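Protein chains in written order, with the numbering used here: chain A, 2 to 284; chain B, 2 to 284. Each residue gets a CB set at the ideal place from its N, CA and C atoms; glycine is no exception. Bear in mind that the values here come from a model prediction, so they are computed numbers and not experimental data. Following: one structure in structure tokens, then a few remarks.
Dropping the structure here:
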């Protein structure tokens with residue numbers, strides 16, 4: 002691979018570019034971004050070599066689409082319009098159904114591989130791009146059979162070279178499960194932050210009382226609102242289901258406390274401690 | 002200080018013992034714990050030198066009470082019954098009102114200093130005790146004026162020696178604010194863990210989809226149920242208030258999504274991003 006174009010030079014696209022450059026310093030890495038400042042910054046940081054545009058994609062070996070998911074569904078068909086015969090196009094969005102649908106009937110569908118690397122931080126923009134973000138992380142690939150075999154192989158080799166492990170899943174199952182495993186955490190964290198900020202807004206000193214536990218639980222409330230609004234929009238039905246269940250569980254916990262049923266409160270927590278085994282090795 | 006007795010040799014008491022030993026390797030550190038295995042383990046790990054009992058406290062320079070808060074309210078008066086004239090007694094509980102009340106009329110009240118070090122991890126028991134847990138952390142001291150001045154000074158010197166900074170607060174304000182800054186996070190995290198485990202219990206592979214964001218948000222769901230049941234019991238009214246507000250905020254967010262008001266969803270998140278500045282330097 003020689004010519005790489007990254008569309009969306011933020012945390013996700015920028016970190017991917019940084020890892021690619023380590024693996025192959027001779028690659029030409031180009032950037033496309035709606036925000037001109039992102040381009041300037043990404044060049045200054047050495048993340049990309051230069052700006053490009055959709056009309057340059059015919060010579061691309063790889064196009065990485067790392068934009069908010071609602072923009073991805075618009076831009077992906079345009080990208081597929083512009084690429085060459087052997088260009089591999091991947092996306093990195095946190096939803097997969099709408100993205101796969103957006104290119105389903107495109108004549109160049111077989112050049113596209115739908116991906117969701119489970120990696121990120123709460124920060125955003127080119128300044129947040131870091132080396133090694135993807136090492137040891139899972140990359141969920143959807144509808145692999147719809148990508149031409151040669152490009153599948155190329156993609157797998159690339160992911161392997163930056164240390165990712167692969168899981169295959171259909172887009173509907175992906176969106177359903179990721180609502181529980183990622184999207185709900187963001188809402189629980191944003192609303193925790195909101196609850197505390199609202200209550201304590203006039204008592205700035207109080208934030209001295211914040212410990213590492215609060216910081217950890219509220220960390221995702223620092224995430225980019227544009228990225229997450231588009232995810233919540235695209236995965237609305239699944240997320241509403243998780244949110245409903247979460248609110249029910251919280252309400253039940255509240256009732257146990259109101260009834261002074263602290264044996265019940267204990268049991269709720271003791272049964273959830275099981276998360277220890279589930280997450281073993283993740284941190 | 003020569004003779005230290007730690008009552009409750011878990012994460013909190015054990016880590017404190019480890020820090021004391023670094024500061025003064027000549028201290029004799031004794032342990033009292035309802036669980037005989039904790040004593041064996043703490044001796045084996047070098048956290049304490051030997052087991053002691055309440056009847057040994059008359060020669061103690063310092064007694065640290067680091068047991069679940071409902072046990073603290075029972076044991077503290079007994080500890081004060083047994084100590085010598087110059088013994089300093091501190092507790093480390095996450096609630097302060099009930100603990101201060103439990104010793105309010107004790108003849109040795111002035112030997113006691115009510116503390117809440119904002120420090121911890123999601124683990125428990127002597128095996129979880131780590132060096133340096135308290136360095137750079139805040140220690141909230143309540144009703145400082147009710148402790149004899151000489152023992153206040155002794156305590157402050159000790160906290161300073163292990164790197165803690167001090168905040169003074171009254172017990173009622175402490176319990177109100179800590180409900181937002183710590184206790185609510187634990188419930189939000191436990192119920193997030195419950196929601197995900199319930200949904201995904203038959204699909205173990207799905208947990209491969211967990212990323213660092215989920216892990217961070219659900220981390221506190223690994224916490225000790227005994228410790229936290231007693232905190233929830235003692236701070237019930239304050240916690241119910243925070244929980245009510247949290248559920249209201251989540252329900253409002255759900256409604257915005259149901260109404261396709263994604264501008265509203267964006268605004269909710271954008272306003273909460275402010276947590277970045279608030280928590281700066283905490284992680």
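Query raised in the report: Taking Cβ to Cβ, would you say residue 226(B) is nearer than 8 Å to residue 247(A)?
Result: Going by C-beta atoms, residue 226(B) is not nearer than 8 Å to residue 247(A).
Query raised in the report: In the DSSP assignment, what are the bridge partners of residue 184(B)?
Result: Looking at the DSSP assignment, residue 184(B) forms no beta bridge with any residue, so it has no partner.
Report task. State buried or exposed for residue 135(B), treating a residue as buried only when at least 16 other CB atoms are found within 10 Å of its CB. Result -> With 16 or more other Cβ atoms from the protein chains shown falling within 10 Å of its own Cβ, residue 135(B) counts as buried.
Query raised in the report: So is residue 226(B) in contact with chain A if we call contact Cβ pairs under 8 Å?
Result: The beta carbon of residue 226(B) falls within 8 Å of a beta carbon belonging to chain A, placing the residue at that interface.
Requested in this report: Could you say which of 190(B), 167(B), 186(B) and 181(B) lies nearest to residue 182(A) if we only look at CA atoms?
Outcome: 190(B)
Requested in this report: Counting only the same chain and skipping the five closest in sequence on each side, list residues whose C-beta sits under 7 Å from that of residue 69(A).
Outcome: 227, 228 and 231
Query raised in the report: Is residue 112(A) helix, strand or coil when you go by DSSP?
Result: In the structure shown, residue 112(A) falls within a helical segment according to DSSP collapsed to helix, strand and coil.
**Report entry** Residue interval of the beta strand (DSSP E) (run including residue 92(A))
**Finding:** 89 to 92
Query - Sequence-distant residues of its chain with Cβ nearer than 6 Å to residue 239(A) (five each side left out) - result: 176, 177 and 180
Query raised in the report: What's the C-alpha gap between residue 17(A) and residue 125(A)?
Result: 13 Å
Requested in this report: Assuming residue 168(B) contacts residue 139(B) (C-beta within less than 8 Å), just tell me the rounded distance between them.
Outcome: Cβ-Cβ separation between residue 168(B) and residue 139(B): approximately 6 Å, consistent with a contact (criterion under 8 Å).
Query raised in the report: In terms of residue numbering, what span does the beta strand (DSSP E) encompassing residue 266(B) cover?
Result: That residue, residue 266(B), is in no beta strand (DSSP E); its alpha helix (DSSP H) goes 263 to 273.
Query raised in the report: Under a Cβ-count criterion, where at least 16 other Cβ atoms within 10 Å of its own Cβ denotes burial, should residue 208(B) be classed as buried or exposed?
Result: buried
Requested in this report: May I have a chain-ordered list of the alpha helix (DSSP H) segments no shorter than 4 residues that lie completely inside the region 89 to 169 of chain A?
Outcome: 98 to 104 and 150 to 162
**Report entry** Those residues which DSSP pairs with residue 29(A) across a bridge
**Finding:** 4(A)
**Report entry** Which listed residue (80(A), 243(A) and 127(A)) has its alpha carbon closest to that of residue 40(A)
**Finding:** 127(A)
Query raised in the report: Taking all protein chains shown into account, do 16 or more other C-beta atoms lie within 10 angstroms of the C-beta of residue 56(B), making it buried, or fewer, making it exposed?
Result: exposed
**Report entry** the region 254 to 268 of chain B: positions lying closer than 9 Å to chain A by Cβ
**Finding:** 254, 255, 258, 259, 261, 263, 264, 266, 267 and 268
Query raised in the report: For residue 36(A), which option in 23(A), 8(A), 65(A) and 218(A) has the closest C-alpha, if you only look at C-alpha atoms?
Result: 8(A)
Query raised in the report: Would a check of beta-carbon distances place residue 145(B) closer than 8 Å to chain D?
Result: Among the protein chains of the structure shown, namely A and B, there is no chain D.
Requested in this report: Compute the Euclidean distance between the alpha carbons of residue 98(B) and residue 38(A), then round it to the nearest angstrom.
Outcome: 53 Å
Requested in this report: Mind checking the region 45 to 70 of chain A against chain B and listing, in chain order, the residues whose C-beta falls within less than 7 Å of any C-beta there?
Outcome: none
Query - Under 7 Å (Cβ pairs) to chain B, residues found in the region 173 to 184 of chain A - result: 178, 179, 181, 182 and 183
Query raised in the report: In terms of residues, what are the limits of the alpha helix (DSSP H) holding residue 81(B)?
Result: 70 to 83
Query raised in the report: Would you call residue 75(A) buried or exposed, if buried means 16 or more other Cβ atoms sit within 10 Å of its Cβ?
Result: exposed
Query - residue 17(B): contacting residues in chain A (beta-carbon distance under 7 Å) - result: Simply none; closest approach about 15 Å.
Requested in this report: Output, in chain order, the set of chain A residues within a Cβ distance shorter than 9 Å of residue 90(B).
Outcome: Those do not exist, as residue 90(B) stays about 23 Å from chain A at its closest Cβ, beyond 9 Å.
Query raised in the report: Which chain A residues are close to residue 277(B), counting only those with a beta carbon under 7 Å from its beta carbon?
Result: 223
Query raised in the report: Given that a residue counts as buried once 16 or more other Cβ atoms are within 10 Å of its Cβ, and exposed if not, what is residue 186(A)?
Result: buried
Requested in this report: Evaluate residue 82(A) with the Cβ neighbour count: other Cβ atoms within 10 Å of its Cβ, from every protein chain shown; 16 or more gives buried, anything less gives exposed.
Outcome: exposed
Requested in this report: Quick one: measure Cβ to Cβ for residue 15(B) and residue 130(B), integer angstroms, because I've assumed they're closer than 8 Å.
Outcome: 3 Å
Query - Below-8 Å beta-carbon distance, residue 135(A) vs any chain B residue - result: no
Requested in this report: Determine the closest residue to residue 5(B) out of 269(B), 43(B), 49(B) and 78(B), with distance taken between C-alpha atoms.
Outcome: The option with the nearest alpha carbon to residue 5(B) is 49(B).
Requested in this report: For residue 96(B), count neighbouring C-beta atoms within 10 Å of its own C-beta (all shown protein chains included) and say buried if the count is 16 or more, exposed if not.
Outcome: buried
Query raised in the report: Going by DSSP, what residues sit across from residue 63(B) in a beta bridge?
Result: 5(B) and 89(B)
Query raised in the report: Under a CB-based cut-off of 8 Å, is residue 126(B) close to chain A?
Result: No, its Cβ sits nowhere closer than 8 Å to a Cβ of chain A.
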